[in-house]
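Student: The sequence shown: position 296 = 279 (this note's numbering), numbered continuously.
Would you mind keeping the following structure in view while I ask a few things?
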Amino acid sequence: MHILDFPQELIHKILYHMAISRGVTRAMRLRLVCRLFRDCLRAALFETRLLDEFEHLSLYSGGRNEEFMSDWYIREHHGIEEFWHAYISYRVRNENNPQVGRLLEVRQVAEAYCTRTAAADLDSTIDSLCWMTLERAARWPTIARMWTLGIGKNGAIAENGVVTDLGLNLLSAAAYLGNLPLAKELLEEGHCPADTNELFDTPLQLAAWSRNAEIFQLFQERTGKTSIRGAAMSGDVEMLRLAIYPPSRADSSSTDFAGFPYGHVLVDSTDDQVYELYRAVYKTKSVDAFKYICSFFEHEEYGYHMLNTVIRPHCEWGNLDIVRHLLESSGGLSSTRFNVYGIGSSGDNCLTGAARGWREDVLDYLLESGMNPEGVMGDISPLAAAIRAGSISMVRKLVKHGASPHAWHGGTLLQYAVRLEHTAILEFLLDREVCRDEPSELKLVVERAMDLGLESMVEILNRREKEWNAKDEVITT
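What follows is the structure in C-alpha cells.
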C-alpha cells in the first residue's frame, strides 16, 4: 500500500513522530511533500506542543521571542499570525493546568463571558480572546511572566506571581467584542477600564482598537483617560480624533493638544500625552492615520526625527504606503534630511529592514528609487538579511542591483542558507564561489551541517568542493 493511501489517523501519527524527531522548522517543510501532508501537518505539529518552546530566530532580538508577533496587527506576516492564533486557540481549549502560562485563564474568561452573555458561542469567544492576547501569548505560551509586555512588570510577575482579575478581564472582552450592556454592568461593579493585569490590554485600548466608539467614549467619561495607541492600531482617523479630542474635554472647540497649538507640538516634551501621540506612529499601518498623527508636530523639528527613526521599522513591517509617503514627501533618497542607510547601525538600514521582514514590495520600491544595497552601516547587510529570511527572489534582486556575496562574511552567509536547508540559496552562493578561497571556513560550514543532521546540505557542499578542487588541478597542470 502506498503511504498516501494510509488512513488519515495513521498519517497523523506518522507526521506527529516526524515532527518530534525533526523539530519545528524542519517539520514545517513536510508541507511541501504533498497536499495530504500539507493538510494534516498542522494538527500533528500542534499535538506535539513543540511550539510551546519554539525559539523564533531574530537578527536583532535581545531575548527569546521578544519581537515575535509583536505589533502583529500592523505587520504583514504572510499568514503566520493565523498559524499562531490557531495554535494559541488550540492550547487554550486543551490546557487544564493553571501553572502552564495563562492559557487556562483565557478559557475561564471565555466561559464566564458566555455565562453572562447567553447568546455567545464558546468557540468563537475563545478565538476572539486569543486574537486579543496573541502578542502576549505567542512570546512563550507556557511561561506566565512572558505574557507581560513591560520588562518591569515582567520582573514583578516573576517575583510575586500572576494577579488574576476575572471582572477586569471580562471588561476587556466586552470592550473588544462591543458588548455595551456588559461593559456598563462591569463598570458599575467597580472595574476600571484603564487597568490591566497583563492577560489582555486595557479595556480602554481594546475598545479603541476594535473601533467600538460608544464603549470607548463611555470609558473616557468614566476615567478622564484615553488611548491614542489603541485608536492608531485601529487605523481609523475618526477613532483617532475621538481619542485625541474627547468630547468631555474642557473646551470642546479647541484644537490644541497638551498645551500646544495644532501643528506645533514638540517631540521633546516630557508630557505623557505627547509621548503617546509620538509613539502612535509606530502603531498604525494606515497611511491616513499616520499622516494625521504627524500633522500635530512641528514640521521641521519633527520631520528629520521621523524619517530617521520611523521609516526603517515600517520597511520591515511591510507598510509600503507609509514608506512611500515618508520618502516622497521629503525629497526622496537624494534628500539630505535623513539617512536611509542607517544612522549608526544596520538596525536603521531600510533595505536590511525590508529584507529581514521579507517585504519584497518595499525592497523593490527602495531599489527602484536608487538605494544602493552596498551602502550599509552596521554588521548586517541587506543581502545577509535576505538570505537569513530565506528569500531567493530578494537575494537575486539585491545581487542584480550591486550587492556582492563576497563583501560580507562568506561562511556566515553559507551557514544561514544551510540552516534553512535552502538549496536554491546555497547553490546560488556556491555558483558565485563564496568560500572557494577559504577552505577552513567551508570546512566549518560542513561540520556545522553534519552536527545538525542536514545530510542534503553536506552533500551539496562536498560536491561543490570536489568540483572546485578538480578545476584547480586542471589549472595547475
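Backbone N, C-alpha and C fix where the C-beta goes; we use that ideal spot for every residue, glycine too.
Remember, it's a predicted structure, so these values are computed and weren't measured experimentally.
Could you tell me if V16 is buried or exposed, where buried requires 16 or more neighbouring beta carbons within 10 angstroms of its beta carbon?
Tutor: exposed
Student: Count the other CB atoms within 10 Å of the CB of D344; is the residue buried (16 or more) or exposed (fewer)?
Tutor: Classification of D344: exposed, given that the 10 Å Cβ count is below 16.
Student: Hey, would you say L187 sits closer than 9 Å to K208, going by beta carbons?
Tutor: yes
Student: Report the option in G340, D254, V323 whose CA atom is closest to the CA atom of C333.
Tutor: V323
Student: Could you check if M222 is buried or exposed, using at least 16 other CB atoms within 10 Å of its CB as the buried criterion?
Tutor: Label assigned to M222: buried.
Student: Would A367 and T395 qualify as a contact pair, given that the criterion is a beta-carbon distance under 9 Å?
Tutor: yes
Student: In the DSSP output, what is V75 paired with across the bridge?
Tutor: Note: V75 sits in no beta bridge, so no partner.
Student: Given that a residue counts as buried once 16 or more other Cβ atoms are within 10 Å of its Cβ, and exposed if not, what is D184?
Tutor: buried
Student: Do W67 and L33 have their C-beta atoms within less than 9 Å of each other?
Tutor: Against a cut-off of 9 Å, the Cβ pair of L33 and W67 comes out as no contact.
Student: Can you tell me whether V250 is helix, strand or coil according to DSSP?
Tutor: coil
Student: Indicate whether the contact test is met: 3 or more Cβ pairs, each with one atom in the region 81 to 98 and one in the region 3 to 11, closer than 8 Å.
Tutor: no
Student: Please determine, among A157, G218, A453, A241, the residue with the shortest C-alpha to C-alpha distance to E197.
Tutor: A157
Student: Classify Q203: buried if its beta carbon has 16 or more other beta carbons within 10 angstroms, exposed otherwise.
Tutor: Per the 10 Å Cβ criterion, buried.
Student: Please identify the residue among L182, R205, T108 whose C-alpha is closest to the C-alpha of G161.
Tutor: T108
Student: Could you check where the alpha helix (DSSP H) with M52 kicks off and where it finishes?
Tutor: Counting along the chain, M52 falls outside any alpha helix (DSSP H), and DSSP gives it neither H nor E.
Student: From S235 to Y228, what distance separates their C-alpha atoms?
Tutor: When rounded, the distance between both Cα atoms is 8 Å.
Student: Tell me whether the beta-carbon of G218 lies closer than 9 Å to the beta-carbon of K268.
Tutor: yes
Student: Spatial neighbours of S364 within its chain, please: C-beta separation below 6 Å, excluding the five flanking residues on both sides.
Tutor: Leaving aside the five residues that flank S364 on each side, the residues in its chain whose CB is nearer than 6 Å to its CB run, in chain order, W391.
Student: If I follow the unbroken alpha helix (DSSP H) through P164, where does it start and stop?
Tutor: 163 to 171
Student: On a Cα-Cα basis, can you pick out the residue from Q398, R339, T406, V401 that is closest to L381?
Tutor: R339
Student: Contact check, Q200 vs L225 under 8 Å by CB: the rounded distance?
Tutor: Sure, about 7 Å apart at Cβ, within 8 Å.
Student: Can you tell me which of the three DSSP states F279 falls into?
Tutor: Correct three-state label for F279: coil.
Student: When burial is assigned at 16 or more other CB atoms within 10 Å of the CB, is Q(-9) buried or exposed?
Tutor: Result: exposed.
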